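Right, one structure below, let's go through it.
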Amino acid sequence: MTGTDILLSIRGLTKAYPGVVANSDVSFDIGRGEVHALLGENGAGKSTLVKMIYGLVKPDSGEMTLNGLPYAPAEPQAARAAGVAMVFQHFSLFDALNVAENIALGMADPPKMRDLATRIRDVSEQYGLPLDPYRTVGDLSAGERQRVEIVRCLLQDPKLLIMDEPTSVLTPQEVEILFATLRKLSAEGTAILYISHKLEEIRALCDEATILRLGKKVATCTPRDTTAREMAELMVGSELHVPERAGKAPGAVRLALNGLSVRSPSEFGTSLKDITLEVRSGEVLGLAGVAGNGQDELLAALSGEITGARGMVVLDGTEIGNTGPNVRRRMGLLTAPEERLGHAAAPDMSLTENALLTGAEREGLVSNGFLKWGKARDFAKAIIERFDVRTPGTENAARSLSGGNLQKFVIGREVLQRPEVLVVNQPTWGVDAAAAAVIRQAILDLAEGGTAVIVISQDLDELMEVSDRFAALNEGRLSEVVPAKGLTVEQIGLMMGGSHGMEVAHV
Amino acid sequence: MLRLEKRRQPSRVWAWATPLVAVLATVIFGGLLFAALGKDPVTAIRTIFYDPLLGEHAFYYRPQLLVKAAPLVLIAIGLSLGFRAGIWNIGAEGQYIIGALTGAGCALAFYPLEAVWLFPLMILCGALGGFIWAMIPALLKVKFGTNEILVSLMLVYVAEQLLASMSLGLLKNPQGFGFPGSRNLQQYESAHNAEIIAGTGMHWGVATAFIMVILAYVLLNRHMLGFHIRLTGEAPRAAKFAGVVPARLIIFCLGASGALAGLAGMFEVSGPAGQVSIDFNVGYGFTAIIVAFLGRLHPVGILLAGLLMALTYIGGEIAQSGLGLPAAAIQVFQGMLLFFLLAVDVMTNYRIRIGGGPKA
Numbered sequence: 283m284t285g286t287d288i289l290l291s292i293r294g295l296t297k298a299y300p301g302v303v304a305n306s307d308v309s310f311d312i313g314r315g316e317v318h319a320l321l322g323e324n325g326a327g328k329s330t331l332v333k334m335i336y337g338l339v340k341p342d343s344g345e346m347t348l349n350g351l352p353y354a355p356a357e358p359q360a361a362r363a364a365g366v367a368m369v370f371q372h373f374s375l376f377d378a379l380n381v382a383e384n385i386a387l388g389m390a391d392p393p394k395m396r397d398l399a400t401r402i403r404d405v406s407e408q409y410g411l412p413l414d415p416y417r418t419v420g421d422l423s424a425g426e427r428q429r430v431e432i433v434r435c436l437l438q439d440p441k442l443l444i445m446d447e448p449t450s451v452l453t454p455q456e457v458e459i460l461f462a463t464l465r466k467l468s469a470e471g472t473a474i475l476y477i478s479h480k481l482e483e484i485r486a487l488c489d490e491a492t493i494l495r496l497g498k499k500v501a502t503c504t505p506r507d508t509t510a511r512e513m514a515e516l517m518v519g520s521e522l523h524v525p526e527r528a529g530k531a532p533g534a535v536r537l538a539l540n541g542l543s544v545r546s547p548s549e550f551g552t553s554l555k556d557i558t559l560e561v562r563s564g565e566v567l568g569l570a571g572v573a574g575n576g577q578d579e580l581l582a583a584l585s586g587e588i589t590g591a592r593g594m595v596v597l598d599g600t601e602i603g604n605t606g607p608n609v610r611r612r613m614g615l616l617t618a619p620e621e622r623l624g625h626a627a628a629p630d631m632s633l634t635e636n637a638l639l640t641g642a643e644r645e646g647l648v649s650n651g652f653l654k655w656g657k658a659r660d661f662a663k664a665i666i667e668r669f670d671v672r673t674p675g676t677e678n679a680a681r682s683l684s685g686g687n688l689q690k691f692v693i694g695r696e697v698l699q700r701p702e703v704l705v706v707n708q709p710t711w712g713v714d715a716a717a718a719a720v721i722r723q724a725i726l727d728l729a730e731g732g733t734a735v736i737v738i739s740q741d742l743d744e745l746m747e748v749s750d751r752f753a754a755l756n757e758g759r760l761s762e763v764v765p766a767k768g769l770t771v772e773q774i775g776l777m778m779g780g781s782h783g784m785e786v787a788h789v
Numbered sequence: 553m554l555r556l557e558k559r560r561q562p563s564r565v566w567a568w569a570t571p572l573v574a575v576l577a578t579v580i581f582g583g584l585l586f587a588a589l590g591k592d593p594v595t596a597i598r599t600i601f602y603d604p605l606l607g608e609h610a611f612y613y614r615p616q617l618l619v620k621a622a623p624l625v626l627i628a629i630g631l632s633l634g635f636r637a638g639i640w641n642i643g644a645e646g647q648y649i650i651g652a653l654t655g656a657g658c659a660l661a662f663y664p665l666e667a668v669w670l671f672p673l674m675i676l677c678g679a680l681g682g683f684i685w686a687m688i689p690a691l692l693k694v695k696f697g698t699n700e701i702l703v704s705l706m707l708v709y710v711a712e713q714l715l716a717s718m719s720l721g722l723l724k725n726p727q728g729f730g731f732p733g734s735r736n737l738q739q740y741e742s743a744h745n746a747e748i749i750a751g752t753g754m755h756w757g758v759a760t761a762f763i764m765v766i767l768a769y770v771l772l773n774r775h776m777l778g779f780h781i782r783l784t785g786e787a788p789r790a791a792k793f794a795g796v797v798p799a800r801l802i803i804f805c806l807g808a809s810g811a812l813a814g815l816a817g818m819f820e821v822s823g824p825a826g827q828v829s830i831d832f833n834v835g836y837g838f839t840a841i842i843v844a845f846l847g848r849l850h851p852v853g854i855l856l857a858g859l860l861m862a863l864t865y866i867g868g869e870i871a872q873s874g875l876g877l878p879a880a881a882i883q884v885f886q887g888m889l890l891f892f893l894l895a896v897d898v899m900t901n902y903r904i905r906i907g908g909g910p911k912a
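Going line by line, the protein sequences match chains A and B. Each residue of the first sequence is one higher than the one before, starting from 283 at the first, in this note's numbering. Each residue of the second sequence is one higher than the one before, starting from 553 at the first, in this note's numbering.
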């Protein structure tokens with residue numbers, strides 16, 4: 283790469299927070315029109331690095347140059363003015379407003395609504411991301427919402443587009459559409475900084491990859507010439523432990539859903555429609571689906587937060603469709619919801635109190651309504667030790683743990699209660715590779731021991747790794763349940779609802 | 553530039569220091585206020601905080617401290633349960649009035665019978681009265697999703713009308729020469745909430761308040777129900793996940809706070825007040841809301857806050873009569889206390905950073 287081809291050059295960026303160095307002496311270059319991957323486990327310092335590039339965080343030392351000129355954005359506004367745009371992992375859109383209104387809100391000096399709508403339509407079609415400027419955002423799928431964010435960035439005509447885990451909410455078909463858009467942008471000279479855990483994607487899309495570990499740059503590689511395993515090992519710094527499938531004949535039916543139909547408690551939620559399935563002892567059933575297709579509702583209907591008719595949920599021959607969470611827990615149906623903070627755990631309560639939250643019934647942490655704090659603390663300690671949760675102790679607030687560590691705690695809390703049936707939603711969402719392997723192995727070990735397991739996930743690689751049988755949720759309906767072995771990505775995509783209400787792009 | 557930065561863990565030091573800093577700030581700014589009114593601030597502050605406890609006439613004021621603090625603590629303990637769970641009973645004043653009416657009504661129904669079981673029965677009736685009055689917003693909320701803040705508050709004014717009607721009608725003293733108000737229960741031995749130890753102000757309501765502080769502490773820290781109350785306040789979704797039935801919790805929290813407010817009313821009418829009268833209620837039910845927050849919704853904190861509040865009441869009265877401070881100035885002073893408490897409370901969960909530019 284010659285000097286004039288370099289768009290953004292980063293030299294010796296360092297940022298320390300109290301007690302932790304987020305980035306230490308990181309240097310790399312991004313060329314014009316290059317698709318550059320930024321790889322690393324959770325806590326490796328990817329977020330801090332892009333926040334410094336986007337002007338959200340000020341580096342302690344080091345410098346950046348953009349187009350050969352010194353670049354030190356004091357705030358995102360300055361970064362945008364210099365031609366740097368970012369699509370965040372979590373969208374900042376207002377459900378009640380339409381697409382054009384949402385985009386206008388982010389602009390310093392928005393044009394007339396009609397002109398803006400025309401521009402949105404033009405830009406979105408030009409890049410193969412069709413979008414109706416007048417649709418209400420609340421009605422859009424996750425993939426369409428992401429389009430809104432991308433189009434919002436493209437309207438600024440950026441030179442560098444930062445994308446933070448963009449495919450985590452997309453179907454395989456939507457991923458293809460996105461990649462086509464990104465390739466087109468790259469061909470036109472826009473550089474892309476692409477953050478992801480998904481190694482196969484990076485190999486398919488990116489020209490160059492920078493790998494971070496514990497805040498330091500450990501390697502630069504060309505993803506096309508490097509295997510996913512090699513990249514993963516660079517990221518983790520040790521050999522990966524891949525969970526092993528035991529391959530056992532499934533046993534008796536433990537949990538059966540018979541025409542489960544329930545309304546979603548939330549206005550923008552998805553109601554479940556006539557879901558019928560059964561899970562057997564020792565079996566893992568994988569449920570795929572794009573976010574917002576009824577996963578949260580299915581989990582709530584199984585945990586007992588949403589109740590329906592008695593016969594809709596049958597556990598070991600007992601009809602429990604109308605019972606609450608505690609009855610189901612006592613019988614051995616345990617669940618772990620996706621949302622860690624605020625649903626699976628209370629953010630401001632200690633880990634001991636959070637262990638009590640679901641463990642009270644089965645672990646005997648109460649007698650006559652009185653709490654046994656000593657036993658609860660021991661239970662929390664057992665989870666922390668068994669699942670290697672990194673925390674100073676049981677009396678720390680759940681909120682003080684990193685996402686991955688809290689996830690290990692939440693899953694561990696259910697696994698250690700020896701469930702008869704375990705249902706988990708997004709068990710490894712936002713968790714680093716090593717912790718994800720621990721969690722998956724724990725799930726497989728449970729199945730080995732005769733537990734029936736349902737894994738709801740948007741990570742297809744994960745589902746393929748752990749599932750015996752496979753199905754997908756689409757708009758609250760369940761596809762046919764089929765053996766996982768031998769499924770192709772195309773078949774899975776069709777099960778997940780194909781284009782999911784989105785037109786196929788015409789690029 | 554000053555910025556607030558969220559702490560990873562709530563600060564324990566600040567959780568304890570907050571009330572002290574708030575009291576200190578109130579003393580300083582209250583002193584300025586009194587100075588602006590042309591009074592010597594040191595004398596005014598001393599009159600409010602020192603004289604009732606250790607001044608020349610303290611022997612008279614000290615018992616008053618318990619008498620005034622007891623209903624505040626009793627009501628605030630009940631309210632704090634609901635506040636912890638995000639259930640807002642603003643109508644304790646109404647439940648307090650109804651408790652007084654049912655308690656006194658029970659006694660007057662048996663007048664002039666003397667019996668040992670009468671006072672316990674009055675306690676039951678008082679608690680029941682407050683409980684039933686609180687069930688109105690509770691059931692409406694559970695069945696129809698009405699806002700308990702509005703309903704409970706409105707019912708205060710209904711209760712006040714009922715109180716006036718009772719003082720002038722059903723419960724009016726037949727030997728009272730036509731004056732409004734019931735018979736004086738202080739002169740009805742079986743019904744009199746007398747001092748347990750003469751001259752201390754320690755009546756049965758004070759004893760009950762202490763017991764309730766202990767019970768509430770045990771409930772919140774050692775019992776599943778208390779855990780569910782705290783969980784519901786901290787994370788309602790997690791509480792549902794843990795199997796809490798919101799409707800039951802609403803009934804419990806409103807019912808308990810209503811019953812305790814009713815008890816406070818009953819102890820007041822049969823003791824310090826003596827009779828049902830039009831101006832029986834003096835705002836304990838509203839002040840208890842301040843006490844609950846001043847005590848950080850913690851039982852022991854509420855006990856201390858109730859005593860502090862009673863002190864400012866008594867000291868405020870002395871300052872009014874002795875120094876000629878206007879009543880409004882005293883109320884502003886009490887308002888400052890709550891204001892500073894809430895303002896300083898931010899420090900528990902946030903730290904102040906000085907310096908420019910966001911740093912994430």
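Where is the CB? At the ideal position from N, CA and C, for every residue including glycine. What you are looking at is a predicted structure, and each value in this text was computed from that prediction instead of being measured.
- Residues are counted here when their Cβ sits less than 9 Å from a Cβ of chain A; for the region 775-795 of chain B these are 775, 776, 777, 778, 779, 782, 783, 786, 787, 788, 789, 790, 791, 792, 793, 794, 795, given in chain order.
- Secondary structure of residue 630 of chain A (DSSP, three-state): coil.
- In the DSSP assignment, residue 474 of chain A is bridged to A:317, A:443.
- Residue 560 of chain B has a beta carbon lying within less than 9 Å of a beta carbon in chain A.
- Residue 629 of chain A has a beta carbon lying within less than 9 Å of a beta carbon in chain B.
- One finds nothing in chain A with a Cβ atom closer than 8 Å to the Cβ of residue 898 of chain B; even the nearest lies about 15 Å away.
- Chain B places no beta carbon closer than 9 Å to that of residue 372 of chain A, leaving this residue out of the contacts.
- Within the region 324-371 of chain A, the complete beta strand (DSSP E) runs of at least 3 residues fall at 343-348, 351-353, 366-369.
- In the structure shown, residue 596 of chain A falls within a strand segment according to DSSP collapsed to helix, strand and coil.
- For residue 682 of chain B, the uninterrupted alpha helix (DSSP H) run begins and ends at 670-696, by DSSP.
- In this structure, residue 744 of chain B lies away from residue 678 of chain B, with their beta-carbon atoms at least 9 Å apart.
- For residue 813 of chain B, the secondary structure class from DSSP, reduced to helix, strand or coil, is helix.
- Per the coordinates, the alpha-carbon of residue 412 of chain A lies some 5 Å from the alpha-carbon of residue 406 of chain A.
- Of the residues assessed, residue 767 of chain A falls on the exposed side of the cut-off, its CB having fewer than 16 other CB atoms within 10 angstroms.
- Beyond the five residues adjoining it in sequence on each side, residue 547 of chain A comes within less than 7 Å, by CB distance, of 588 in the same chain, given in chain order.
- Residues 890 of the same chain have their beta carbon placed closer than 6 Å to that of residue 842 of chain B, with the five preceding and five following residues left out of the count.
- Distance between residue 644 of chain A and residue 801 of chain B, taken at the CA atoms: about 23 Å.
- Annotated three-state conformation of residue 299 of chain A is strand, per DSSP.
- DSSP, reduced to helix, strand and coil, places residue 755 of chain B within a strand of the structure shown.
- Chain-ordered listing is empty here: chain A has no CB closer than 7 Å to the CB of residue 703 of chain B, the nearest sitting near 24 Å.
- Contact with chain A is absent for residue 565 of chain B, since none of that chain's Cβ atoms lies less than 9 Å from the residue's Cβ.
- Within its own chain, the residues whose Cβ lies closer than 6 Å to the Cβ of residue 703 of chain A, once the five positions on either side in sequence are excluded, are 536, 537, 615, 734, listed in chain order.
- Note: residue 902 of chain B is bridge-paired with B:558 in the DSSP secondary-structure output.
- Taking 9 Å as the threshold, the shortest C-beta distance from residue 834 of chain B to chain A does not fall below it.
- Residue 775 of chain B has A:652 as its beta-bridge partners, per DSSP.
- Taking residue 750 of chain A as reference, the option from A:434, A:765, A:377, A:736 with the minimal CA-CA separation is A:765.
- Nearest to residue 292 of chain A by alpha-carbon distance, out of A:484, A:627, A:349, is A:349.
- In the assembly as shown, residue 432 of chain A is a buried residue. Its beta-carbon has 16 or more other beta-carbons within 10 Å.
- In the DSSP assignment, residue 585 of chain A forms no beta bridge with any residue.
- At least one CB of chain B lies nearer than 9 Å to the CB of residue 681 of chain A.
- Residue 898 of chain B counts as exposed, since fewer than 16 other beta carbons sit within 10 angstroms of its beta carbon.
- Of B:883, B:904, B:727, B:874, the smallest CA-CA separation from residue 591 of chain B is found for B:874.
- Between the C-alpha atoms of residue 315 of chain A and residue 738 of chain A there is a straight-line separation of about 37 Å.
- With contacts defined as CB atoms closer than 9 Å, residue 356 of chain A and residue 346 of chain A fail to qualify as a contacting pair.
- Under the three-state reduction of DSSP output, residue 620 of chain A falls in the coil class, being neither helix nor strand.
- A contact between stretches requires three or more CB pairs, one per stretch, nearer than 8 Å, and the region 610-625 of chain B meets this requirement with the region 866-886 of chain B.
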